[in-house]
Amino acid sequence: MGAPLFKVLILAVVQGIAEFLPISSSGHLTVLSKLFGFDPDCSLLLTVILHAGTLAAIIIFYFKELIKLLHPQNYRMVGLLLLATVPVGITGVAISKLGFEETVFNNLFVPGVGFIITATLLRWGLHSRESDEECLPMEKMSVRTCIYIGLAQAFAILPGVSRSGSTISAALRSGIKKADAARFSFLMAIPAIGGAVGYKLLSALTKPKTQLGSVSTHELLLGFLVSAVVGYFALWLLLDMLKKGKLQAFSWYLYCLGTAVLIWAFISFFI
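The sequence shown finishes on residue 285 if you use this note's numbering, and the numbering steps up by one all the way, no holes.
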């Protein structure tokens, strides 16, 4: 197995795990891309494909839920899911149009700080104010709560800040049941990740082929499949750990990783 393919497989496995477990896939991909020496354009295309793989995992995992959303009685929930996507859409377009992509997505300081923020969220945020029996199902979520969770997702556009961790934390702190907090988090991820994948893929494909790096089509396809399969099982694992109240354990890993990445960033800056 050649080195490039081996690196793609590592990134695909990490994406599949980190997209769902609250440790930030974008942060890990940024750090690993720097470690592997991928150029930004190559990294962009590969990141898009890997995110598409985990998007496929969500769609397959929640396929029955998505079919239910087509029924007229669930149109309010569809509206809430789309409303929750608006903040991250505005944030993503603003970062792109204002030319901040290099600063945000290709800078080790950002994921370093983001990992520490996520660790703090996991220590503080994964607790409901009431017992789960007293909490609300997502069908009874208010528009205000929906926007609050959407803002948490927008904040998680920063590498190192976990999307699942921040949105599930926001839902739990708003009094939503654990299972429904996760369900709403990942259902709202479908339009958010889908929109980002479409936008970034269009951006990558409009570049000359010479600027897209050395990742081949079969490597991209393999990365997509691996991230999808690993992501499916990681999503199942997250739901099980959330139910058992074990997600806080990831905070110590993130504190250590964030500190290490910041040290690396400072050394790279001054040397």
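Idealized CB from N, CA, C, for every residue including glycine.
Under DSSP, the beta-bridge partners assigned to residue 190 are 150.
Straight-line spacing of the CA atoms in residue 266 and residue 211 works out to 31 Å. No Cβ-Cβ contact shorter than 9 Å links residue 195 with residue 162. Residue 205 and residue 38 do not touch by the CB rule: their CB atoms are close to 20 Å apart, not below 8 Å.
Rounded to the nearest angstrom, the Cβ distance from residue 70 to residue 202 is 17 Å, too far for a contact under 8 Å. In this chain, the alpha helix (DSSP H) harbouring residue 279 covers 264–284. Per DSSP, residue 259 is not a residue of any alpha helix (DSSP H), being assigned neither H nor E. Three or more Cβ pairs closer than 8 Å define a contact, and the region 71–78 falls short of that threshold against the region 36–50.
In its chain, beyond the 5 residues on either side, 122 have a beta carbon closer than 7 Å to the beta carbon of residue 48. Taken through DSSP and simplified to helix, strand or coil, residue 123 comes out as helix.
Contact between residue 215 and residue 179 is absent: CB atoms are separated by about 26 Å, not below the 8 Å threshold. Of the other Cβ atoms in all chains shown, 16 or more fall within 10 Å of the Cβ of residue 36; this residue is therefore buried.
With contacts defined as CB atoms closer than 9 Å, residue 237 and residue 84 fail to qualify as a contacting pair. Cβ neighbours of residue 62 within its own chain (closer than 7 Å, five residues either side excluded): 211, 214, 215, 218.
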